[in-house]
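Undergrad:
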Amino acid sequence: MKPFENVKSIVTPLDMVNVDTDQIIPKQFLKLVQKSGFGKFLFFNWRYDENKNIKSDFILNDSKYDGSKILVAGDNFGCGSSREHAVWALDDYGFSVIISSSFADIFFSNCFKNGILPISLNSKIVEKLLQETNSVEVDLENQIIKTSSEEISFEINSHKKKILLEGLDDVAQTFQFEDKIRAFEEKSTIPSVL
Amino acid sequence: MGKTLFEKIWESHIVVEKQNEPDLIYIDRHLVHEVTSPQAFDGLRMNNRKVRRPDLTIATMDHNVPTTNRSLPMLDETSSIQIKTLENNCKDFGIKLFDINSPNQGIVHVIGPQLGITLPGSTIVCGDSHTSTHGAFGALALGIGTSEVEHVLASQTLWLEKPKTFEVRVEGKRKNTHAVTAKDIILSIIKNIGTAGGTGTVIEYRGEGISDLSMDQRMTICNMSIEGGARAGLIAPDEKTFDYLRNREYTPKNYESLVDSWRDDLKTDSDATFDKQFILDINDITPQVSWGTNPGMTCDVDEPIPSPDEFSNGDPNQKKGAEKALEYMDLKPGTMIEDIKIDRVFIGSCTNARLEDLIEASKIIQGQKVASNVSAMVVPGSQMVKKQAEEMGLDKIFTDANFEWREAGCSMCLGMNPDILSPGERCASTSNRNFEGRQGNGGRTHLVSPVMAAAAAINGHFVDVRKLDLN
């Protein structure tokens, strides 16, 4: 996994609550068997109408936000389906930071597996960031978001922070505990399926 | 201090414990399907890794399989590739697969329990959020993403942060057992706690209103835990649980000795405390119908659709969400639920496509015809459910009423196969999500129980099933 690098960009304000992963990446794009190339399908049904014409009123279709790496959205972002394709699509589109007042659990966990930083902030601060028109800098090492007018600190579990900063491979980490896994298996009472 | 059932299962599965970091948790059962696994197997290949415990892993294909005649070739090439990919991956990595022609094929959360693969006190994962279904057996069952699927394939473990505990207690004895169903109980819970009410928690459903339920009904409850935002939902196992799993095709050989230990161990201690609690009385619950674009946007069948102001309780963001939902659903506040006309009916999904769901729906259908403006289908949750239903003659009841009777799969719950709504179509659906476009771009979903869906099919609009004679 690529290590997380600090980000400076304008924010894309997606002023909606309960954005579910069906919206982030609709089901017709889940049939692909690779991880790449999902960006063009991000928010597909909100970006395009039934005839695949661009819906000009959707925020991602406003050229002002081209190249934005920071998405700001309302409460309970990423709820619903566990599809990691949602994170792959956000990543491939160019977002590396998602800010919301709260995230659904599986989506939140999926972000860290793909080098995406989800930041939970008080809803008042999220409201303010939704209005921010200048560039914003996200510094993970120091856990600070710098806007044109202030510095906002954010919380992150130290273990998760390390994973992002170092781009650690989870599985390789786990293999260091092979002896413990084996010991657990020797005393487990749950039988095999077959 | 005592411990909750969840805490007991968690603690008995810790492989590595560290301060202020996630625990490494052992996984007893891994269920795999075609949509969220190809990239995980690719990851194994790229790193030259094996599947650590093929004997704890099973696979089936459910999400995008056609539900029509399976002797015909699949028309959708990308679905076909995904199915073929799962076949190849299972062959290469030595995983037991219930393929499209297997009598055990079906929705992964329907076949796990039916085959006796789901076990009380075990940890179960699957790359699917409705894995919570298996919690009905007192298992800790978690939906995971594809990276975690790869991690479990490689190591049979997962790094997990310990969730908080949430007691949802349903009190009282249900009076109207046919009209007010498990689906209405869980929709009512979600309506009250909200779609993020369970975030970061594992729910334990307790109380007489829960223990009275059959296993099929308990699965409906636990299935939709994720719709309340919870990491998982579970119910303490009892004799109903143990009876259900006895003598299934993959029930362990030492089952009775396992049951003896489960009977003693798998319950929340009387002095245990939960981080959060919600209580409701079962006799306050009526048949539920969702009107919006998330499962929390639900009301009683005899209520009008709320205005965004009423729904939002002063929260401007929720109000905006409700306005957008009503626009998408083409509904107006104040409209009575029974006045909403429907075009389609879908009885299926991991929420409500088990034998009991089909039996209950068939009681409404028997001797009736689907309204002329409605097209309706039943998609059994598994080939085994289908066979059992056919042995009881249920298929005949449905087809005589002009329902389509299909092969097993996820089907129109998420519309990855050809079973989808057309733009603007309105569907009474027994599935679990009413998100925008979930059942087809522009389609409008109302979540209901199987009996409510059946009654809507016959009448062409929603009907309060409490008015019908269901005995």
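Residue numbers (this note's numbering), protein chains in the order written: chain D, 8 to 201; chain A, 753 to 1223. A virtual CB, placed ideally from N, CA and C, is assigned to each residue, including glycine.
1) Please state the DSSP three-state secondary structure of threonine 819/A.
2) Exposed or buried, aspartate 1147/A, counting other C-beta atoms within 10 Å across all chains shown (16 or more means buried)?
3) So which residues on chain D does serine 881/A lean against when the C-beta distance must stay under 8 Å?
4) Tell me which same chain residues have a C-beta within less than 8 Å of the C-beta of glutamate 1090/A, skipping the five on either side of it?
5) Go through its chain and collect everything with a Cβ distance to proline 1058/A's Cβ below 7 Å, but skip five positions before and after it.
6) Can you tell which of Cys974/A, Ile987/A and Ser907/A has its C-alpha closest to the C-alpha of glutamate 960/A?
7) Determine whether the Cβ of leucine 49/D lies closer than 8 Å to any Cβ atom of chain A.
8) Closest to asparagine 1125/A by C-alpha separation, out of Leu783/A, Ser1114/A and Asp1095/A, would be which residue?
9) Considering only the beta carbon of each residue, do threonine 1233/A and methionine 976/A sit closer than 8 Å?
10) Drop a sphere of 10 angstroms on the beta-carbon of threonine 1151/A, count the other beta-carbons inside from all chains shown, and report buried for 16 or more, exposed for fewer.
11) Skipping 5 residues on each side, what residues in its chain have a beta carbon closer than 7 Å to that of alanine 906/A?
12) Please name the residues in the region 997-1030 of chain A whose beta-carbon is closer than 8 Å to at least one beta-carbon of chain D, in chain order.
13) Going along chain D in order, which residues have a C-beta closer than 8 Å to the C-beta of glutamate 956/A?
14) If I follow the unbroken alpha helix (DSSP H) through lysine 167/D, where does it start and stop?
15) Assess contact between the region 1061-1072 of chain A and the region 1030-1037 of chain A, defined as three or more Cβ pairs (one per stretch) separated by less than 8 Å. Is contact present?
16) For proline 790/A, I'd like the list of residues in its chain whose CB is within less than 8 Å of its CB, leaving aside the five on either flank, ordered along the chain.
17) Determine which residues share a DSSP beta bridge with serine 831/A and list them.
18) Is the CB-CB distance between alanine 1160/A and glycine 1133/A below 8 Å?
19) Have a look at leucine 1220/A and alanine 1207/A and give me their C-alpha separation to the nearest angstrom.
20) Going by beta-carbon coordinates alone, are histidine 882/A and asparagine 1186/A separated by less than 8 Å?
21) Count the C-beta pairs between the region 920-940 of chain A and the region 1194-1204 of chain A that are closer than 8 Å, then say yes if the count reaches three, no if not.
22) Do you know how far the Cα of alanine 1180/A is from the Cα of asparagine 944/A?
23) With tyrosine 100/D as the anchor, note down where its alpha helix (DSSP H) starts and where it stops.
24) Output, in chain order, the set of chain D residues within a Cβ distance shorter than 8 Å of lysine 848/A.
25) Which chain D residues are close to histidine 903/A, counting only those with a beta carbon under 9 Å from its beta carbon?
26) Could you work out which residues of chain A lie near valine 24/D, taking near to mean beta carbons separated by less than 8 Å?
27) Please list the partners that tryptophan 1043/A has in chain D, where partner means a Cβ-to-Cβ separation under 7 Å.
28) Quick one: residues in its chain with C-beta nearer than 6 Å to the C-beta of leucine 137/D, no 5 flanking neighbours on either side, listed in chain order?
29) Looking at glutamine 1070/A and valine 24/D, is the spacing between their C-beta atoms short of 8 Å?
30) Using the Cα positions of histidine 903/A and histidine 782/A, report the straight-line distance between them to the nearest angstrom.
31) Using a Cβ-Cβ cutoff of less than 6 Å, which residues in the same chain neighbour methionine 1164/A once the five nearest sequence positions on both sides are dropped?
32) Taking contact to mean 3 or more Cβ pairs, one atom from each stretch, closer than 8 Å, check whether the region 99-111 of chain D and the region 54-63 of chain D are in contact.
33) Quick one: Cα of serine 940/A to Cα of methionine 971/A, how far?
34) Since aspartate 995/A is in the alpha helix (DSSP H), which residue starts that stretch and which ends it?
35) With a CB to CB cut of under 6 Å and the five nearest residues on each side skipped, what residues in its chain are close to isoleucine 766/A?
36) Nearest chain A C-beta to phenylalanine 184/D closer than 8 Å, yes or no?
TA: Put simply:
1) coil
2) buried
3) Gly87, Ser88, Ser89 and Ile113
4) Val1053, Asp1054, His1213, Phe1214, Val1215 and Asp1216
5) Cys1051 and Pro1085
6) Ile987/A
7) no
8) Asp1095/A
9) Chain A is shown from 753 up to 1223; residue 1233/A falls before or after that span and cannot be answered.
10) exposed
11) Leu796, Arg801 and Arg804
12) Tyr1002, Pro1004, Lys1005, Asn1006, Leu1010 and Ser1013
13) Within chain D, no residue comes near glutamate 956/A; the closest Cβ sits about 17 Å away, beyond 8 Å.
14) 165-173
15) no
16) Gln834, Thr837, Leu838 and Asn841
17) In the DSSP output, where bridge partners are listed per residue, serine 831/A has none listed.
18) yes
19) 9 Å
20) no
21) yes
22) 22 Å
23) 92-100
24) Val200 and Leu201
25) Lys120, Asp177, Val178 and Thr181
26) Asn1069, Gln1070, Lys1072 and Gly1073
27) By Cβ distance, chain D contributes nothing, its closest Cβ being about 15 Å from tryptophan 1043/A, past 7 Å.
28) Pro20, Asp22 and Val79
29) yes
30) 11 Å
31) Phe1098, Asp1171 and Gln1191
32) no
33) 16 Å
34) 991-997
35) Asp775
36) yes
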